[in-house]
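Worksheet: the structure to be examined is printed underneath.
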Amino acid sequence: MTSEKIDDNVLAGRAFARTGIDHMFGIMGIPVTSFANNTVKEGIRFIAFHNEHSAGYAVSAYGYLTGKPGLRLTVSGL
């Protein structure tokens, strides 16, 4: 039996895509770059923002208007 090693970021991206999430709002940075790139490879559209607040408002509006879940991505900071 061969087992394929899979990165956590790939697995998370696939899981989000399979649940029907197709939009991700947020800020891309070093702590989350691999995750963001892998979710985009799975077909999830990334929409960039200048700050976390705006991304939060956008994902909330997206969910309200479409009835579908969205994903917000932020980076850690001071």
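For the sequence shown, my numbering assigns the number 456 to the initial residue and increments by one for each residue that follows.
Cβ atoms here follow ideal geometry from the backbone N, Cα and C, with glycine treated the same way.
8 Å contact criterion, which residue i and residue j should meet: CB distance rounded
i	j	result
GLY481	LEU528	3 Å
GLY468	PHE490	7 Å
MET483	ALA503	7 Å
Interface flag, residue i vs chain B, CB-CB below 8 Å
i	result
GLY511	Reference to chain B is not applicable here, since this structure consists of a single protein chain.
Run through the stretch 458 to 511 for me and flag every whole alpha helix (DSSP H) of 4 or more residues, listed as ranges in chain order.
463 to 473 and 488 to 496
Any contact between the stretch 478 to 494 and the stretch 504 to 514? By contact I mean 3 or more CB pairs, one from each, below 8 Å.
yes
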